[in-house]
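Visitor: Below you will find the structure I want to go over with you.
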C-alpha cells in the first residue's frame, strides 16, 4: 500500500477502527482544497444502498465515518472486513461540493478529481480528451494532453498499436494478438505474470433458478474450464479454484474443487428435482431452468467464453440466454440480467 491522498494510516488491534492521515495541500481540479470532508462524503454516499451505488458492498461492516479535523478520517467498523483497506484505497474521492451540486449522473459527465490529468472533453463511445493538471501534488505530468480513444474490439486495438495510431491499450488485448505483436519484430514486449483477477460469472443468487446451490454447483461441474483455457486462451491461464487468484496473499489452495464432471452435474440437478422437459430444458415446480447472461457489445474476449458455456449448460438442460448490453451494472441492479 503506497501513500497517495493519505500519507499514513493505523488500524486498531481488533480491526474495527481505521485512522487515515490525509495529505495536505492537495487541490481538486477546480482549485478547491481536498479535505477529510470530501472523504467522509464519498464513503457515506457510496456505502448507502439507497443511492443505488454499485460500490456499497465495498464498505460492508462500516458503521461510521468521522472527520475530527480537516486531514484526519476515522472509520469505525461493526465487524472486521479484511477487504476494507483495499476497497477504501481504490475508491475515487469526489469533490463533495461539486457532487452535491450536480448529483451522481452529473458527476459522471463532469467529474472533478485530484489526479494528474483534467477532463477537457468527453464524447461518449468515441473519445476522452485530458490535459495536464498544473497543480498536481506530485508535480505536473510530462505529457501535455492525453486522448483516450474508445475501441471496443481488442483485435482493432492491436492493429492500432501496430500501426502507431495509439500508443497503449488500457484494456487487455486478446492472447493471440499479444503473441502476434511479440513475434512481429516491431519492438513489442509481452510479459507473462500471474494476474490478480479471476474471470468469472457473477450470479444473482435471488433469481429463482440460481438461488438453488445445486444448480450453481452443477454449472461448476458441467463447465470444462480447462478446454476454455486451451481453445480460447491459447493456454495462457490456469483454472480458477476460488474467487481469488493464486497471486493473492489470501488465496487458499485447499478450498473445495469442482473438476469437470458432467455426470455429477446431471446427478445434482436430478437429485434436486430439476427434471428434463420436452424442450430440452429442465423444470422444477413449473419453473424452467433458464436465466439471462449479459455480454458486453464488442467484447471479443469474453463473448466466446459465454457462448462456450451456453452450449455446455444446454447439454445439461440449463438454458442460458445471451443478451448484449453496453454495460451490465445497470441491468443487474434493475434485475433484468441474472
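Numbering (our numbering), first residue to last: 610 to 947.
Where is the CB? At the ideal position from N, CA and C, for every residue including glycine.
(1) Go to residue 839, then tell me how far its alpha helix (DSSP H) extends in each direction, as first and last residue.
(2) Whole angstroms is fine: what's the gap from residue 777's alpha carbon to residue 770's?
(3) Mind checking whether residue 681 and residue 645 have CB atoms under 9 Å apart?
(4) Sort 917, 882, 747, 855 by Cα distance to residue 810 and report the nearest one.
(5) For the putative contact between residue 926 and residue 889, defined by C-beta atoms under 8 Å, what is the C-beta separation to the nearest angstrom?
(6) Looking at the strands, I want to know which residues DSSP matches up with residue 932.
(7) DSSP on residue 677, reduced to helix/strand/coil?
(8) If we ignore side chains and look at the alpha-carbon of each, how far apart do residue 652 and residue 879 end up?
(9) Shortest alpha-carbon distance to residue 673 belongs to which of 735, 650, 844?
(10) Between the C-alpha atoms of residue 692 and residue 873, what's the straight-line distance to the nearest angstrom?
(11) Apart from the five residues on each side of it in sequence, which residues of its chain come closer than 7 Å, Cβ to Cβ, to residue 669?
(12) Residue 727 and residue 740 look like a contact to me (Cβ under 8 Å); what is the Cβ gap, rounded to whole Å?
(13) Please confirm if the stretch 899-912 is in contact with the stretch 816-832, defined as three or more CB-CB distances below 8 Å between the two stretches.
(14) In terms of residues, what are the limits of the alpha helix (DSSP H) holding residue 767?
(15) Using the C-alpha atoms, what's the distance from residue 804 back to residue 711?
(16) From 688, 639, 664, 772, pick the residue whose C-alpha is nearest to that of residue 622; which is it?
(17) Go ahead and pull the three-state DSSP assignment for residue 912.
(18) Cβ of residue 721 within 9 Å of Cβ of residue 703?
(19) Taking the beta strand (DSSP E) that residue 695 belongs to, which residues open and close that run?
(20) Where does residue 726 fall in DSSP's three states?
(21) Looking at the secondary structure, which residues open and close the beta strand (DSSP E) in which residue 754 lies?
(22) Quick one: measure Cβ to Cβ for residue 620 and residue 613, integer angstroms, because I've assumed they're closer than 8 Å.
(23) Count the other CB atoms within 10 Å of the CB of residue 779; is the residue buried (16 or more) or exposed (fewer)?
(24) By Cβ distance, which residues of its chain are closer than 8 Å to residue 841, with the 5 residues on each side in sequence left out?
(25) Kindly list the residues whose CB is nearer than 6 Å to the CB of residue 827, restricted to its own chain and excluding five residues on each side of it in sequence; keep chain order.
(26) What number of angstroms, rounded off, separates the C-alpha of residue 850 from the C-alpha of residue 867?
(27) With a cut-off of 8 Å on the beta carbons, I'd call residue 785 and residue 742 a contact; round off their distance for me.
(28) For residue 633 and residue 719, I'd like the C-alpha separation in whole angstroms.
(29) Check whether the Cβ atoms of residue 685 and residue 675 sit closer than 9 Å, and answer yes or no.
(30) In the DSSP assignment, what residue or residues form a beta bridge with residue 642?
(31) Taking 8 Å as the cut-off, is the C-beta of residue 891 nearer than that to any heavy atom in the ligand GTP?
(32) If we ignore side chains and look at the alpha-carbon of each, how far apart do residue 758 and residue 736 end up?
Guide: Put simply:
(1) In the DSSP annotation of this structure, the continuous segment of the alpha helix (DSSP H) that includes residue 839 starts and ends at 834-841.
(2) Going by the C-alpha atoms only, they are around 7 Å apart.
(3) The criterion of a C-beta distance shorter than 9 Å is satisfied by residue 681 and residue 645.
(4) Among 917, 882, 747, 855, the Cα nearest to that of residue 810 belongs to 917.
(5) The pair is a contact, with the Cβ atoms about 6 Å apart (cut-off 8 Å).
(6) Paired residues: 903.
(7) In the structure shown, residue 677 falls within a strand segment according to DSSP collapsed to helix, strand and coil.
(8) Here the C-alpha atom of residue 652 lies approximately 46 Å from the C-alpha atom of residue 879.
(9) It is 650.
(10) Going by the C-alpha atoms only, they are around 34 Å apart.
(11) Take residue 669, set aside five residues on each side of it, and the residues of its chain with a beta-carbon closer than 7 Å to its own are 690, in chain order.
(12) Their Cβ separation, rounded to whole angstroms, is 6 Å, which keeps residue 727 and residue 740 in contact under 8 Å.
(13) Using a Cβ-Cβ distance cut-off of 8 Å, the stretch 899-912 and the stretch 816-832 are in contact, since at least three pairs of beta carbons, one from each stretch, lie closer than that value.
(14) Counted as a single uninterrupted DSSP element, the alpha helix (DSSP H) harbouring residue 767 occupies residues 763-772.
(15) Using only the alpha carbons, I get a separation of about 37 Å.
(16) Closest in alpha carbon position to residue 622, among 688, 639, 664, 772, is 688.
(17) Correct three-state label for residue 912: helix.
(18) Taking 9 Å as the Cβ cut-off, residue 721 and residue 703 qualify as a contacting pair.
(19) No beta strand (DSSP E) contains residue 695, which is instead part of the alpha helix (DSSP H) from 693-698.
(20) Per DSSP, reduced to three states, the secondary structure at residue 726 is strand.
(21) Per DSSP, residue 754 belongs to the beta strand (DSSP E) from 754-758.
(22) Rounded, the Cβ-Cβ distance is 17 Å, inconsistent with contact.
(23) Exposed.
(24) Excluding sequence neighbours, residue 841 sits near 913, 914, 917.
(25) Excluding positions up to five away in sequence, the list reads 874, 877, 878.
(26) C-alpha separation (whole angstroms): 8 Å.
(27) Between residue 742 and residue 785 the Cβ distance is about 38 Å, and since that is not below 8 Å, they are no contact.
(28) Near 25 Å, if we compare the C-alpha coordinates of residue 719 and residue 633.
(29) Remark: C-beta atoms of residue 685 and residue 675 approach each other more closely than 9 Å.
(30) Residue 642 is bridged by DSSP to 636.
(31) The ligand GTP is not part of this structure, which contains no ligands at all.
(32) Here the C-alpha atom of residue 758 lies approximately 4 Å from the C-alpha atom of residue 736.
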